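Here is the structure we will look at.
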Amino acid sequence: MMSAFLAAAGLLLLLTLFAVLRPLARRQRPLAGATALAVILASGALYWHFGTPAALDPAMLKPPTTLAENRAQLETLAKMQPDNAEVWRRLGYVYATEKRMRLAADAFTRAARLMPEDADILTEAAKARSMARDDRAFDAEAMVMLETALKNAPDHASARLFLGIAQHQAGQAAKAAETWMPLLSRINAKTGEILLAQINQARTEAGLAPMTMPTQAAETAGLRVEVAFDSTFIRDAKLQPSARIFVIARAAGGPPMPVAVQKLEADALPASIVLTDADSPMPTLKLSALKEVEVLARLSMSGQANRQDGDIESAAAKVKLPSRQPVKLTLGGN
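Each residue of the sequence shown is one higher than the one before, counting from 1 in full-length UniProt numbering.
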């Protein structure tokens, strides 16, 4: 395949040169020959420098059927496109799935340095750097990544959770407790009790008095949603490491943009969450301002928020607000 392509490309180049240089050859034959040689050499040099000849390999053109094939393709792409953050991110997920955490940390770190404002990539990179260490500690660069992620996306639950852990590891107990506090209004009561115990442990270490569970305004002002996979679907499904779950609430009968959205890891299901005004992607759209919403869950194979081919959605449930009953969503059912 490669040789056929190069032969065709060479023929096309020669035909082009013939058309362009023929008038010159009649007048200045030596100059025409030198020009033709220079063009051929320059074209070849530019192709091998900027082109992607490896992309013509048949192995690169077929979709991967195994994790090893996926890794091999991504490793080749990473060599061909070292400035492509998405390639490094996907490669990081593959290495993490294979439990090769040092390689995962390197790949995610490359992606984070290429996209230093992306909270998701920064959080994944920090987490991978921790998992690559025997002591599971967050190093200084990981700490900066998490601080930047939370600065850019204050509602990023994973960044907030891991930053608190990093601060606690670094002996900053009071900061850790303060960082974790906003999470209490976004999780269910059972998980909240576990987190509250960690917060109070950090507060005690910092010489601060323990606190009680704050009033759960989210329980009344927000909307509880329970999300699970269909048992048959998840038994047979082969999810990519990049897969994520988006739980979305939008105005019933209104525009498609969400008024509240949370992103979950695919392996976090079944999960119970509370959607609140804090989950609104835009300050002008508030869940609490609506009387009725549609709620759905989307399995994004790519991990991206925008719907793409191959994504799977639950049936949308219409809910009148306020609602004290949880909304139950199933992904993958018929």
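All C-beta atoms in this analysis are idealised placements derived from N, C-alpha and C, irrespective of residue type, glycine included. No experiment lies behind these values; they were computed from the predicted model shown.
Status (buried if at least 16 other CB within 10 Å, exposed otherwise) for residue i
{"i": "E124", "result": "buried"}
{"i": "Q73", "result": "buried"}
{"i": "I165", "result": "buried"}
{"i": "I194", "result": "exposed"}
{"i": "D120", "result": "buried"}
{"i": "P255", "result": "exposed"}
{"i": "N70", "result": "buried"}
Inter-residue spacing [alpha-carbon to alpha-carbon] between residue i and residue j
{"i": "F192", "j": "E141", "result": "The sequence shown places Gly at residue 192, not Phe. The alpha-carbon atoms of G192 and E141 are separated by roughly 29 Å."}
{"i": "V94", "j": "Q262", "result": "24 Å"}
{"i": "P258", "j": "R90", "result": "26 Å"}
{"i": "A228", "j": "T330", "result": "5 Å"}
{"i": "V274", "j": "K79", "result": "43 Å"}
{"i": "G33", "j": "R129", "result": "Model confidence at G33 stands at a pLDDT of 47, short of 50, so the residue's coordinates are unreliable; what they give is reported in the following sentence. For G33 and R129, the distance between alpha carbons rounds to 57 Å."}
{"i": "T232", "j": "G332", "result": "8 Å"}
{"i": "R298", "j": "L122", "result": "23 Å"}
{"i": "Q81", "j": "V87", "result": "8 Å"}
{"i": "A315", "j": "L296", "result": "6 Å"}
{"i": "R324", "j": "D277", "result": "16 Å"}
Residue i, DSSP secondary structure in three states
{"i": "A278", "result": "helix"}
{"i": "Q198", "result": "helix"}
{"i": "E141", "result": "helix"}
{"i": "S314", "result": "coil"}
{"i": "S302", "result": "coil"}
{"i": "T330", "result": "strand"}
{"i": "R110", "result": "helix"}
{"i": "K238", "result": "coil"}
{"i": "Q169", "result": "helix"}
{"i": "K286", "result": "coil"}
{"i": "A132", "result": "coil"}
{"i": "R307", "result": "coil"}
{"i": "D120", "result": "helix"}
{"i": "M213", "result": "coil"}
{"i": "G192", "result": "helix"}
Sub-7 Å separation of residue i and residue j beta-carbons
{"i": "S272", "j": "E226", "result": "yes"}
{"i": "N152", "j": "E117", "result": "yes"}
{"i": "G92", "j": "A107", "result": "yes"}
{"i": "R244", "j": "S300", "result": "yes"}
{"i": "V293", "j": "A252", "result": "yes"}
{"i": "L161", "j": "L146", "result": "no"}
{"i": "L239", "j": "A209", "result": "no"}
{"i": "A174", "j": "H168", "result": "no"}
In DSSP terms, what residue i is bridged to
{"i": "E265", "result": "R244"}
{"i": "S272", "result": "E226"}
{"i": "E98", "result": "Paired residue(s): none; E98 is not in a bridge."}
{"i": "A251", "result": "V293"}
{"i": "A260", "result": "A249"}
{"i": "K320", "result": "E292"}
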